[in-house]
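Per the numbering used here, the sequence shown runs over residues 3 to 75. Everything on this sheet refers to the single structure shown next.
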Amino acid sequence: MSIALLVVIGIALVAGGVGVTFALASALPQDVLQRAQDNGRYAGLTADDQGGSTGTRATTGARNLGHQTINAI
């Protein structure tokens, strides 16, 4: 298998992924996109966010126990 064939296959796979992504984004209704924008992973992370959450340290609720040794058999 030559390098040129591998490059062509790679480009075809990337183009296929782009096409599928575009088709999925085009097929979703506008209300689904709006709900995802409001409640999605990056909801509330705008530059004008006044909640004070930008730049603050995220805590998991667990105590910081320092360095611990893992005892395994």
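Yeah, the Cβ is synthetic: ideal placement off N, Cα and C, and Gly gets one too.
Distance from the CA of residue 23 to the CA of residue 31, rounded to the nearest whole angstrom, comes to 15 Å. Between the alpha carbons of residue 35 and residue 25 lies a distance of about 14 Å.
Look at residue 4 here: in three-state DSSP terms it is coil, with no helix or strand label.
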